[in-house]
Every structure is written in C-alpha cells, then in structure tokens.
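Start counting the sequence shown at 1; every next residue gets the next number (the UniProt record's numbering).
Where is the CB? At the ideal position from N, CA and C, for every residue including glycine.
Remember, predicted model here, so these are calculated numbers, not experimental data.
Read through the structure below, which is laid out as structure tokens, and then see the notes.
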Amino acid sequence: MSEAATKETAGTGAAATDGTTDAAAESPKREQPKADKPKAEKARPESGATKGGPRETHLGKHITIDLTTRLPELDRPTAQAFAASDSRTPTEQVFVLICDPKVPPRLEALHGLAKVRGVALMIPIDWGPVVWGGGERRYAICYDRPVDPVLAPSGDEIPTMREDQLVERVLRPAYRTLREVYARGLTHRAISAANVYCADAGNGPCMLGECASAPAGMTQPAVYEPIDGGQALAVGRGAGTITDDLYALGVLMALILRGNDPFSKADPATIVAQKIAKGSYAALMGQARVSLTLMEPLRGLLCDRVDERWTLQQLETWLNGRRQSPKQASLPTKARRAFTFQGRDYWTAPSLAHALANNWTEALRVLSSGDLVRWAERSLPDEKQSKALAAALASTQFGDGGDDRSLARALVTLDPAGPIRLRGFAARVDAIAQAFALGFENRDRRTAFIEVLRSKLPERWLEAQPQQRPDHPQVLQQFERMLWYIERDQPGYGMERVLYEYNPGWPCQSPLLAESYVCEVGELLPALERRAEQDVPDASPVDRHVAAFCGANMKPAPDRLIQGLGDPSAANRAQAVVALLADLQRRYGPDQLPALCEWVARQLSPLTDSLHNRQVREKVKRRIERAVKSGSLAELRAAAADPELRRRDKEAFQHAKAQYGQLARDIAWLEEGGLTSAANVARSTRSVATAVSAITSGLIVMLVSIVYAL
1 MSEAATKETA
11 GTGAAATDGT
21 TDAAAESPKR
31 EQPKADKPKA
41 EKARPESGAT
51 KGGPRETHLG
61 KHITIDLTTR
71 LPELDRPTAQ
81 AFAASDSRTP
91 TEQVFVLICD
101 PKVPPRLEAL
111 HGLAKVRGVA
121 LMIPIDWGPV
131 VWGGGERRYA
141 ICYDRPVDPV
151 LAPSGDEIPT
161 MREDQLVERV
171 LRPAYRTLRE
181 VYARGLTHRA
191 ISAANVYCAD
201 AGNGPCMLGE
211 CASAPAGMTQ
221 PAVYEPIDGG
231 QALAVGRGAG
241 TITDDLYALG
251 VLMALILRGN
261 DPFSKADPAT
271 IVAQKIAKGS
281 YAALMGQARV
291 SLTLMEPLRG
301 LLCDRVDERW
311 TLQQLETWLN
321 GRRQSPKQAS
331 LPTKARRAFT
341 FQGRDYWTAP
351 SLAHALANNW
361 TEALRVLSSG
371 DLVRWAERSL
381 PDEKQSKALA
391 AALASTQFGD
401 GGDDRSLARA
411 LVTLDPAGPI
421 RLRGFAARVD
431 AIAQAFALGF
441 ENRDRRTAFI
451 EVLRSKLPER
461 WLEAQPQQRP
471 DHPQVLQQFE
481 RMLWYIERDQ
491 PGYGMERVLY
501 EYNPGWPCQS
511 PLLAESYVCE
521 VGELLPALER
531 RAEQDVPDAS
541 PVDRHVAAFC
551 GANMKPAPDR
561 LIQGLGDPSA
571 ANRAQAVVAL
581 LADLQRRYGP
591 DQLPALCEWV
601 ARQLSPLTDS
611 LHNRQVREKV
621 KRRIERAVKS
631 GSLAELRAAA
641 ADPELRRRDK
651 EAFQHAKAQY
661 GQLARDIAWL
671 EEGGLTSAAN
681 VARSTRSVAT
691 AVSAITSGLI
701 VMLVSIVYAL
C-alpha cells in the first residue's frame, strides 16, 4: 500500500510515493481516452455491486469508484474493472481494478511501479483496501484509462504488423519500459497479447498493461513462460528475472509475426514438451517465414538457455543498429539410446524428466524397477549426471526416504534447469513460498510443501546448478528457517508464520478478519474493532493467524509476548493476549478501541479468576470495566495484570495457606483424640506438676525471705 495508506485506511498510492507534492502536480499530464472508447456496461450482481447496495465507494481521499459501471474490456484474470474518478484530475478518466480477495496483488511492486515515468506502461495511481458490499473489504488499484484497446483480447487471433512497425511500436517501447522497471529492481511478468494496448491502425507505441493485480507470473499464459516457468504451477512461477520478461517479449514478437497463437488450445505440459523437443523458436514459429533482420532478436530472446538468452544490453545494441549472426538453438544433448516411458521414446534427460513429472504414479513404478538408473548409466553422455542420479535414488534402495522424495531428487538431477517438483507441487525455487501461500487452504499442497523442505530439495536444486548463485547461502538459510518455523507448532509460529514471513504484504487469513483484508499490521486493531462492533465472538481475538501475522510484520518482532500465547496456563495465555494487543495499540494506534477492549475483557476470566482474594478480584473487575470504557488496551492490561497487586495477592494467599494448613492440622489432632490421649495427659500432667512445684518453691522462698527480714 502507499505511504499515506498506512496512515489512512485506503491509501493514496502514487500521491505519497515522493512524499512532497500532490500526485496531480508532480506527474505528467495523462493522455485521455478517445471518444470511441469501448462502451461500459452496468455492473452485474455477481460483480459485487449488488442490487440495493451502495452505488459507489472510495479509495483513499481522491478516488471515487462507480460500482454501477463495469468495464469488462479492462478486466484482468483475477480482477474486475470499474469506472472511477479522481478529484485531483476531474477531467481525466481513470478506472479501478478490484482484486480477488483470495489472490493478493503484488504490493511489494506498487511503490516502484508508481515512480516509473515517461514510458509506455500502465502505471498505478492509487491503491489500498476499499469497502465492498456487505461491509467486506477488497484491495483496489487505480490506473489511468488506456487510450487504445487490447491487442488481442482472446489471444487466438493476433493482428499482424509490418516488421518496421513491430520494431518501432512494440519492441522499442517495450525495451524502454523494461529498462525502467528493471532499474527499480522489479519485473513485469505479464507481457502477453492480451495485456498490450495497441490500436489496429496508427503509429503510436503499444503500451504494456498492468502487472500488479495478481502474484507475479500467475496470470501469464503458459506459452509466454520459459520452459521452467511453464513446468511450474501458475502460482509457482514467481517474480523471476528480467530474462523472463525478455522471453515473453520474444514470444509476443513471434505471435504477432504469425498472426496467431499455435498453442492457444494446448495445455501447459504439451507446450513445454514441444519447446523442449524443438526449441522455443522452432516450436513457436514453425514454418512461418521471418527476415534475417528480425530472426536475430527472435532467436536471442527465445533462447532456452538462460545464460545465452539476450540481455537488455544486447537488445539495446540491436535496436541501435548493430547486427550480428542469429543464435542457433541449444537443444539438450541426446542420450545414446532412448528411454521408453508409456509407449514413447525419450532421447534427452529434460524431456524424460518432464514426462515423469506429469505422470507421477507411473513414474514411481519406473523408479522402483531400477530401469531409470540402468538407462542413465548406459546411455547418458554426462557421466557426472548419471552418478548423481544413482546417488539421488540411493534413498529408495536403502530405505532412507519415500519414493516421492526420491523421484523429486531424480527430476532435479535429470533436469537441473526445471522447477522443484513433487507430486502435484511444482515451483521455481524463488517462488516456493508464494506457491505455498496461494495453496494454503489445500491440504495436499501444504503437505507437499513441508516434504519439499524436509527432503532439502531446494538445497539439492542449488547444488545441481552449473553456476552457483551468489546468494546461495542466504537462500539455504531461508529454507532452513522455514522448516524451523514449521517444526515449532505453536501460536505465532508453524505454517502460519511461514505464510506471512516469506510473503510480504500477504493479508491476514484469520477467520475473524475474513472480510477485512488486513495486509498491514497497522490495520489489524481497527479491523478487530470493526469485528467486535458487529458482535463479540467467543473466540480469542488472537488466533494462530493473528499471532503469526504480528510476528512477521511487527518490527522488532514481539517474540517474548508471542511465546506466552503457547503457555500451558490459561491465565498466562490471557495475559499474553492483552499484552500483545496493548503493544500493537502503543505502536500503531488508534487511541480508543472500546469494542475490542470489551472483547478482550471477556477473555480475561482466567486471569481474574487466578486472584485468590475475593475483594481483590472485585476490585480488579471494576478496574477492568473502567479500562474498557476508556478504550485503552494498555489500561486494560494494567488493570488485569498489575504485577504488584498480583504479588501481594500471592504473598497473602501463601500466608493464609500456611495458617490454614496449621489450623487444619490442629483440628485433625483434636478430632483424632490428641487432647485426651495418655501420652498427652502424661505430658500435660508433667507440665502441671512442674509448674506447681515451681510455684510452691517460689512461695516458700518468698516466705522465708520475709521471715528472715523481720
């Protein structure tokens, strides 16, 4: 969210990114849509603007969203478009994308994208949560309304261009845009014919569409993904690098030159298989003819080996007129003999790995037969690879792990460039946490994620790379920390902590906040206050998700308070809850939270009941009532968990307990006849005789003294 959005509920997007002037004053004047722009339609009930509901809602201080006017031509796969207006620039037309609440946007990218200027890119103006129908809140991103329509809405038929138009209208402006985006440490990850705005006629530059309404790479058609991205789940592609965007740009060029997408009806596995077998250039272009001039950037951008794919600098060199010989496709080395799997022959390790990964159950049978190891030893030209494969499968032979784990290791060895794959889980190493987050409600996905960590597949993948990454130690440490969190299954840790710790900006998934879309820790208490105003739940306001969300987002993390949430004592847990919430209010506000205080007060009975003195308990309850009215969680904490008062109560109780114990022993002694027992009578008689003798002796001495004195 924007900086101002941290202070407000909704945010002010680009208006706050530079921190000094209003967005309308600091940004260049935005171009306006043409008069013949696509016609808007009234919102359908399922869009969120239900019949009888609000007709508008607001994003920050300046954006008004018209909930009655949908703009379906501007929809994205996980977001619906609505007409909107900006009070800072009332003559200019804007629109808002309302994101799917189950698919969070790229919050980490919005700030950087908002600062991009002077390039053909849909730039976010404003962003933040907005009030939706029925009090629900959803995330919204505001953009300028594009002038031109989408190049190819369906993706099947794509308008062709002359080669000079392709260079000047698509390639050159896209290069400038990617240069600016990459300079801010970002990637676009949504370059496709369905997300490029370009008029059929004209000479103006084509504009790249928005890229922040969904996690990076998730909505990208598989044909635009490099081989490893196409093999991964859509949720497991990740932000990637600039090479992914350059590859997508090469695919866009190829499809424009062809005039269609040859894989529009194919599934991702088929697309990848064709690219592995033929190379991306041949798979996409087929028999289509292209001039030598354009063949050079096409082959360079579509190179399947990342280390050989063109960089921004090489693309710039070509655009500046320096020509070189086109790159030739680098296909995988063939084996000496094919491996037959499900009736098909596979001559390369990557193609076999792809087939095995997409037929997991049958692949396990092949694995257990030993055929795979024998084929590798006899047929793979790389002896190092065959030995690594045998080592990877050793766990199956000696019982050091499950078959799934062994097959996953084998796939890494056969195809080090591929993603990490384990049954239905497939993700690039940098997108494992994202894939886990987007599949958090899927039990099988969670189980596979945990197995990936426990079997150290990321470590094996990194070791298998031909070139070691400079951040190798940091990446390994990250995965070790993930596993540490998961093994520590208590509130504030576990899978929930991994979810928020390694997916910055991820909204809190607590059922208590299901409709609030809390993605920043400063929004947590206001959301809980709104929840308490509806009705006070019986459950604690700090569940596992809230605790983990706080642990991941509060800096420094309140680990001591969070650890108290797992205390065996109900009183200590209640004290930890009020202490954590009081710390939140102290750091982020607001000053008054009466409804939440009432909610928390109802959870404090274990704490008040732990007091021993009835009068002290009543006194504490009165103090709690006053604290609830004040709306201060700090006062509530002081009232319920006053350490001095509890110390005195404990000491008094210990003293009373000792007295009670002595009295109980005395009563038991009397009840058992201790007073009239022979031993006690004898003891008492001796005591009385001694006393009488002493008194008598004293009297005699006194009388003798008196007589003597006379």
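According to the DSSP assignment, Asp-126 belongs to the beta strand (DSSP E) that extends over 124-131.
Rounded to the nearest angstrom, the gap between the Cα atoms of Pro-105 and Ile-123 is 14 Å. The C-beta distance from Ala-656 to Leu-607 rounds to 20 Å, too long to fall under 8 Å, and the pair is not in contact.
Where Phe-425 is concerned, the enclosing beta strand (DSSP E) starts and stops at 425-427. In the DSSP assignment, no residue is bridged to Glu-533.
Partner residues in the beta bridge of Glu-157, as assigned by DSSP, are Asn-260.
Comparing C-alpha distances from Ala-283 to each of Arg-289, Gln-274 and Ser-291 shows the shortest one belongs to Gln-274. Taking 3 residues as the minimum length, the beta strand (DSSP E) runs contained wholly in the region 66-132 are 79-86, 94-99 and 124-131, in order along the chain. Around the beta carbon of Val-452, 16 or more other beta carbons lie within 10 angstroms, which makes this residue buried. Per DSSP, Ala-140 lies in no alpha helix (DSSP H) segment; the continuous beta strand (DSSP E) that holds it begins and ends at 137-144.
The three-state reading of DSSP puts Asp-609 in helix, counting H, G and I together. Three or more Cβ pairs closer than 8 Å define a contact, and the region 558-569 falls short of that threshold against the region 506-518. The beta carbons of Cys-211 and Val-170 sit no closer together than 9 Å. For a cut-off of 8 Å, the C-beta gap from Arg-378 to Ala-392 is around 17 Å, too long to register as a contact. Taking a C-beta distance under 9 Å as the contact criterion, Ala-214 and Ala-222 do not qualify as a contact pair.
Put simply, the region 52-67 touches the region 126-133. At least three CB pairs are less than 8 Å apart. Under the 10 Å beta carbon count, Tyr-139 is surrounded by 16 or more other beta carbons and is classified as buried.
Straight-line measurement puts the Cα of Arg-665 at about 32 Å from the Cα of Ser-693. Around Ile-158, the same chain offers Leu-151, Ala-152, Ala-193, Leu-255, Ile-256, Arg-258, Gly-259, Asn-260 and Asp-261 as residues with beta carbons nearer than 8 Å, after the five sequence neighbours per side are excluded. Around the Cβ of Met-702, a 10 Å sphere holds fewer than 16 other Cβ atoms; the residue is exposed. Counting C-beta atoms within 10 angstroms of its own C-beta, Ala-641 has 16 or more neighbours from the protein chains shown and is therefore classed as buried. With the rule of 3 Cβ pairs closer than 8 Å, the region 488-502 does not count as touching the region 531-539. The bridge partners DSSP lists for Asp-345 are Thr-340. Non-local beta-carbon contacts of Asp-371 in its own chain, meaning distances under 6 Å to residues more than five positions away in sequence, are absent.
Among the bridge pairs identified by DSSP, Val-196 is matched with Leu-208. Look at Ile-450 here: in three-state DSSP terms it is helix. Residue Pro-129 holds the alpha-carbon nearest to the alpha-carbon of Gly-60 among Gly-698, Pro-90 and Pro-129.
Glu-496 and Gln-467 have their C-alpha atoms roughly 34 Å apart.
Between Ser-330 and Glu-308 the beta-carbon gap is near 6 Å, inside 8 Å, which marks them as a contact. The beta-carbon separation of Tyr-175 and Glu-316, rounded to 7 Å, stays under the 8 Å limit for a contact. The straight-line gap separating the alpha-carbon atoms of Leu-249 and Ser-280 is approximately 13 Å. In this chain, the beta strand (DSSP E) harbouring Glu-56 covers 56-59. Listed in chain order, the non-local C-beta contacts of Val-373 below 7 Å within the same chain comprise Leu-389, Ala-390 and Leu-393, local neighbours out to five positions each way being set aside.
Shown here, Ile-420 sits in a strand according to DSSP, grouped into three states. In terms of Cα proximity to Asp-244, the closest of Thr-187, Leu-411 and Leu-528 is Thr-187. With a beta-carbon spacing of about 6 Å, Ala-579 and Arg-637 fall inside the 8 Å limit used to define contacts.
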